[in-house]
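In my numbering, the protein residues as written are 3 to 298.
All C-beta atoms, glycine included, are put in the ideal place defined by N, C-alpha and C.
The structure presented is a predicted model; accordingly, all values stated were derived computationally and were not measured.
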Ligand code: PRT
Ligand code: ZN
């Protein structure tokens with residue numbers, strides 16, 4: 003495969019739970035993904051970067067080896083790889099808020115469980131042997147790890163292991179297999195990783211540009227722009243209620259002495275309850291508008 007050295011390379015999952023969200027994030031950051039080049043790569047039309055579509059398990063290696071400067075992957079896959087003996091040359095540069103799940107240890111519903119000590123001497127089936135070993139070592143527990151590539155939830159029923167350690171999101175799979183979660187090994191979400199291998203300066207600069215765009219998208223996802231009117235006496239109380247707003251803009255209203263317009267970017271969700279509280283504090287004409295783009 004020919005790699006164009008003047009362009010950034012971003013590894014994302016080819017298909018699976020993270021694929022659509024990963025493309026969506028890059029699209030929201032203004033990157034136009036050219037379709038139809040081939041199955042493995044795609045060119046970004048308006049930014050010097052190429053995407054590489056790979057299995058999620060390969061993303062830490064691609065980024066660590068510097069084949070790709072960036073990657074989007076679940077923290078569970080990344081941390082499992084980071085515990086490998088090989089030096090992991092990557093760093094998390096953004097948490098992306100999708101693909102949330104937890105790596106949990108689960109026991110058959112009827113099993114007696116009274117804390118990590120109950121795992122001593124047990125057999126635990128998992129696809130995440132290093133993370134599980136790390137958890138057991140941290141608690142000073144000796145147990146056998148049975149490595150499985152998939153269908154881990156079947157292990158207790160098949161008599162392969164007494165416990166499992168697997169990803170859980172809704173909990174439906176555990177329930178369907180009459181298992182219950184007893185410990186959390188890791189809380190995970192998709193993350194943006196960057197290689198820590200040194201590269202040419204112009205590429206580092208491109209990387210900074212890409213990061214600043216992605217940070218902008220993440221900041222706007224929950225942010226809202228709030229506008230309202232308030233009297234001078236109520237200003238202090240109102241600005242204290244505004245969620246996650248630093249230094250709101252306050253300007254006098256023309257022809258209405260003692261009245262002000264307050265404008266603020268709120269970095270947290272704005273709920274109806276918040277609007278009610280603002281109104282009770284003396285705010286009127288409250289407007290909440292979405293923010294399309296933001297560069298921090
Ligand atoms: O083909 P490739 O290797 O790229 O994909 P994959 O099959 O290995 O991964 P994929 O697409 O299934 O998941 C990619 C990433 O999504 C994972 O590494 C996690 O970071 C994240 N993620 C979020 C999940 C889940 N939620 C999840 N629920 N990954 C897997 N599951 C599975 C879990 O293993 C279990 O079998 O879903 C089942 C449990 O789900 P609930 O909802 O029943 O609890
Ligand atoms: Zn995988």
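Residue i Cβ short of 7 Å to the ligand ZN heavy atom set
| i | result |
| --- | --- |
| residue 119 | no |
Check: residue i C-beta below 7 Å from any heavy atom of the ligand PRT
| i | result |
| --- | --- |
| residue 20 | yes |
| residue 58 | yes |
| residue 195 | no |
| residue 304 | In the structure as shown, the chain begins at 3 and stops at 298. Residue 304 is therefore absent and cannot be evaluated. |
| residue 78 | yes |
| residue 186 | no |
| residue 42 | no |
| residue 246 | no |
| residue 24 | no |
| residue 174 | yes |
| residue 331 | Nothing can be reported for residue 331, as the shown portion of the chain is limited to 3 through 298. |
| residue 160 | no |
| residue 98 | no |
| residue 70 | no |
| residue 10 | no |
| residue 167 | no |
| residue 66 | no |
| residue 103 | yes |
| residue 171 | yes |
| residue 82 | no |
| residue 116 | no |
| residue 155 | yes |
| residue 236 | no |
| residue 190 | yes |
Identity of the residues DSSP links to residue i by a beta bridge
| i | result |
| --- | --- |
| residue 103 | 190 |
| residue 197 | 92 |
| residue 286 | 231 |
| residue 169 | 105 |
| residue 15 | 56 |
| residue 182 | 109 |
| residue 73 | 13 and 195 |
| residue 291 | 227 |
Range of the contiguous alpha helix (DSSP H) that encloses residue i
| i | result |
| --- | --- |
| residue 61 | 61–66 |
| residue 159 | 157–160 |
| residue 176 | 174–178 |
| residue 79 | 77–84 |
Start-to-end residues for the beta strand (DSSP E) that takes in residue i
| i | result |
| --- | --- |
| residue 224 | Note, residue 224: premise wrong, no beta strand (DSSP E); alpha helix (DSSP H) at 203–224. |
| residue 134 | No beta strand (DSSP E) contains residue 134, which is instead part of the alpha helix (DSSP H) from 131–140. |
| residue 98 | Counting along the chain, residue 98 falls outside any beta strand (DSSP E), and DSSP gives it neither H nor E. |
| residue 126 | 125–128 |
| residue 147 | 146–149 |
Proximity test, residue i beta-carbon vs the ligand MN heavy atom, cut-off 7 Å
| i | result |
| --- | --- |
| residue 210 | The ligand MN is not among the ligands present in this structure, which contains only the ligand PRT and the ligand ZN. |
Ignoring anything shorter than 3 residues, give me the beta strand (DSSP E) runs that lie fully in the segment 229–283, in order along the chain. With a minimum length of 3 residues, the continuous beta strand (DSSP E) runs that stay inside the segment 229–283 are 251–254 and 261–268.
Should the segment 188–207 be called in touch with the segment 113–126, which here means at least 3 C-beta pairs below 8 Å? no
Would you call the segment 219–230 and the segment 131–148 in contact, with 3 or more CB pairs under 8 Å? no
Stretch pair the segment 193–202 + the segment 54–68: three plus CB contacts closer than 8 Å: yes
Contiguous alpha helix (DSSP H) assignments of at least 4 residues, all confined to the segment 17–57: 21–30
Under 8 Å, with one C-beta from each stretch per pair, do the segment 267–281 and the segment 245–252 reach the 3-pair mark? yes
Do the segment 166–185 and the segment 94–109 make contact, defined as three or more Cβ pairs closer than 8 Å? yes
So, does the segment 7–16 touch the segment 45–54, judging by three or more C-beta pairs under 8 Å? These segments touch.
Report yes or no: do three or more beta-carbon pairs, one from the segment 212–223 and one from the segment 25–41, lie closer than 8 Å? Three or more beta-carbon pairs separated by less than 8 Å link the segment 212–223 to the segment 25–41, which places the two stretches in contact.
Within 8 Å, do at least three Cβ pairs link the segment 79–95 to the segment 55–64? yes
Taking contact to mean at least 3 C-beta pairs separated by less than 8 Å, is the segment 177–184 in contact with the segment 111–118? yes
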